[in-house]
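Shown next, in structure tokens, is the structure this report addresses.
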Amino acid sequence: MEKYQWMIKRFKRFIKKLFHIEKEFLTSKKDESYFNSIIIMDKTPNEDCLNEKDFVEVIYRNQSYWAIFNCPCGCKNVISLPLQKNHNPHWRLDHSFEGKPTLYPSVWQNKGCMSHFWVINGEIEWCGNTGVKPWIAEPNYYKKPIR
């Protein structure tokens, strides 16, 4: 595992530079990530059964359907991301060697807290434009008038 650490560090540096990530969410223990594992379920869990740092992957008939977790900013919103390729948009969930989640692309809430972050190897990497509405921060991408 140690031989891959340099690749992981370089990848994180690349992502930070590419997406202008300003700060990183760190837990108190160095070996502990925000999401330490992926909980596999065959049904969508009730929101009140979801603990703060639970990351749930819903798999039905051997196909990934949803990634479900609480917003890491602490606003208590439950984030449900589709993993099916026939959904638009959809996310890709990768499992690390340690069983920690990595999501592609980033997660940007367009309601409520407006958090914008990456989940990389179980850690939360905050983007510099978190708290800003996506269509205001990236008007050319969204092609919506700024209000």
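Just so you know, we're using the working numbering here: the sequence shown kicks off at 84 and counts up by one.
Backbone N, C-alpha and C define an ideal beta-carbon position, used for all residues, glycine too.
Identified DSSP bridge partners for residue i
i, result
"H199", "W191"
"W174", "According to DSSP, W174 bridges with nothing at all."
"E206", "I203"
"L164", "A150"
Cβ-Cβ separation, residue j to residue i (assumed contact under 8 angstroms), whole Å
i, j, result
"M197", "G211", "Not quite, the Cβ-Cβ distance comes to about 13 angstroms (not below 8 angstroms), so this is no contact."
"I123", "E140", "6 angstroms"
"I151", "T127", "7 angstroms"
"W191", "P217", "5 angstroms"
Alpha-carbon spacing of residue i relative to residue j, whole angstroms
i, j, result
"F180", "N129", "28 angstroms"
"N169", "N145", "16 angstroms"
"F138", "P222", "31 angstroms"
"N193", "N134", "23 angstroms"
"Y148", "C132", "19 angstroms"
"D177", "L166", "11 angstroms"
"P188", "C158", "21 angstroms"
"N153", "N171", "21 angstroms"
"Y199", "A220", "With the sequence shown as reference, residue 199 is identified as His, and Tyr is not the correct amino acid for it. The alpha-carbon atoms of H199 and A220 are separated by roughly 11 angstroms."
"F97", "M90", "10 angstroms"
"Y117", "K95", "16 angstroms"
"N119", "G195", "26 angstroms"
"K92", "E208", "13 angstroms"
"H173", "Q88", "28 angstroms"
"R299", "D125", "Examination of residue 299 is not possible in this model, given that the chain is present from 84 through 230 alone."
"L109", "L164", "Bear in mind that the predicted position of L109 carries a pLDDT of just 39, short of 50, making it unreliable; the figure below should be weighed with that in mind. Each residue's Cα considered, the two are about 23 angstroms apart."
"I121", "N160", "19 angstroms"
**Q.** Three or more C-beta pairs below 8 angstroms linking the segment 174–185 and the segment 199–213
**A.** Yes, since at least three Cβ pairs between the segment 174–185 and the segment 199–213 fall closer than 8 angstroms, the two stretches touch.
Q: May I have a chain-ordered list of the beta strand (DSSP E) segments no shorter than 3 residues that lie completely inside the segment 116–157?
A: 122–124, 138–143 and 146–153
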